[in-house]
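Visitor: Just dropping this structure here.
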Amino acid sequence: MFGYITPYKDELKVREYNTFKAYYCGLCKTLGSEFNQIVRFGLNYDFTFLGLLLSSLDEKRDKIKYESCIANPFQKKPIVMKNKYISYSAYISVILVYYKLLDDWKDERKLLSLMGMIPFIFPKNKAKYVFKEKYFAIKNNLDKLAKLEEEKCDIIDESADVFGKLMEEIAAFPFINDDKTIRILRWLGYNLGRFIYVLDAFNDIEKDIKENNYNPILLQYKYNPEEELEKFLSRVRNPIEFTLTFTLDNLAKSYELLDIKYNKSIIENIVYMGTRRKMMQILEKGSCKK
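Okay, so the sequence shown: first residue is 1 according to full-length UniProt numbering, each after it adds one.
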């Protein structure tokens, strides 16, 4: 369930897009320095957004330096230096990537997923030690999701609610002392989680039909194997779009209550345009992953 929270590149200035990439590279570098080089393959846009958002609530501007990258050792690029928000995003991301790989192994018995878990075992344990409360909040909600899957829950809102609460816990950065800001971040995180879960479920419809995987959309809207896929997608597209749009509206409203100190244009691009573009991209093209 990663990679849905992205900027709309065409509407960003070159400087703004380079700044976003600097956060992306900063998170990548932090994963490598805090854990190991292999976990950097778990890098994703969703946690880049988390690090960017939390960093932008701080009065102190982030420092950018130019460094080479393991992917391109001969060219230096701007990289945001590690801070407590980017470190937090890195720690939380390894927990979720580990459990995503574990879930894939349990569901599909993919050897690649089993092998992929190995470099995440010690990082996951380190993250558990450093952010114990967050780890168990994530684990608890993932267990609830697994139970709903086992029970074949046929209400998409019920499953999305659990993942929303998982992201609510993640968004509530533990070292922010302002209660109002924490409440806003929780509501923002909740809606972010709902959006990711529902969009991911729609995006996986074709794959889940072929592999006979659990998908609450297929159950709620009573998919019949005799029904053509495109006909089913046409039938569910409007109610899913309504749910997603309503969720994004709540996400935007919560964001507007935050006191963003800098990077405002980049964050607004993601909140108002990037998420909606990704939504329409997937809804209009069925379950074609982009």
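A virtual CB, placed ideally from N, CA and C, is assigned to each residue, including glycine.
Where does PRO78 sit, in a helix, a strand or coil, going by DSSP?
Guide: PRO78 falls in the strand class under three-state DSSP.
Visitor: Would GLN75 be called buried (16 or more neighbouring beta carbons within 10 Å of its own) or exposed?
Guide: Exposed, by the Cβ-count rule.
Visitor: Give me the Cβ distance between GLU11 and ASN269, rounded to the nearest whole Å; I'm assuming they're in contact under 8 Å.
Guide: 6 Å between Cβ atoms; contact.
Visitor: Which runs of the alpha helix (DSSP H) fall wholly inside the stretch 19-63 and span at least 4 residues, in chain order?
Guide: Counting whole runs of 4 or more residues, the stretch 19-63 contains the alpha helix (DSSP H) stretches 45-55.
Visitor: Of the residues LYS278, GLU284, LYS285, GLY274, which one's Cα is nearest the Cα of TYR8?
Guide: For the residues LYS278, GLU284, LYS285, GLY274, the minimum Cα distance to TYR8 belongs to GLY274.
Visitor: With which residues is GLU67 paired in a DSSP beta bridge?
Guide: DSSP, once it has assigned bridges, lists LYS77 as partnering GLU67.
Visitor: If I measure Cβ to Cβ from SER55 and keep anything under 8 Å in the same chain, skipping five residues before and after, which residues do I get?
Guide: Within the same chain, SER55 has close Cβ partners TYR23, ASP62, VAL80, ASN83, TYR85, ILE86, ASN263.
Visitor: Apart from the five residues on each side of it in sequence, which residues of its chain come closer than 8 Å, Cβ to Cβ, to ASN191?
Guide: Here the set comprises GLY164, THR247, LEU248, ASN250, LEU251, SER254.
Visitor: On the three-state DSSP scale, how would you describe residue 357?
Guide: As shown, the chain starts at 1 and ends at 290. That puts residue 357 outside it, with no answer to give.
Visitor: Tell me, to the nearest whole angstrom, how far the beta carbon of TYR221 is from that of VAL236; I am working on the premise that it is less than 8 Å.
Guide: Sure, about 5 Å apart at Cβ, within 8 Å.
Visitor: Residues in the same chain with beta-carbon distance under 6 Å from LYS172, minus the five sequence neighbours each way, listed in chain order, please.
Guide: The amino acid at residue 172 is misidentified as Lys; the sequence shows Ala. The answer, listed in chain order, is ILE182, LEU185, ARG186.
Visitor: Along the chain, which unbroken stretches of the alpha helix (DSSP H) at least 4 residues long are found entirely within the stretch 152-190?
Guide: Taking only runs of at least 4 residues, the alpha helix (DSSP H) segments lying wholly in the stretch 152-190 are 156-171.
Visitor: Go through the stretch 96-137 residue by residue and report every complete run of the beta strand (DSSP E) that reaches 3 residues or more, in order.
Guide: As far as the stretch 96-137 is concerned, it has no whole beta strand (DSSP E) run of at least 3 residues.
Visitor: Report buried or exposed for PRO174, applying the criterion of at least 16 other Cβ atoms within 10 angstroms of its Cβ.
Guide: Exposed: under 16 other Cβ atoms inside 10 Å.
Visitor: Taking all protein chains shown into account, do 16 or more other C-beta atoms lie within 10 angstroms of the C-beta of LYS180, making it buried, or fewer, making it exposed?
Guide: Per the 10 Å Cβ criterion, exposed.
Visitor: Using a Cβ-Cβ cutoff of less than 6 Å, which residues in the same chain neighbour ASP58 once the five nearest sequence positions on both sides are dropped?
Guide: Here the set comprises nothing.
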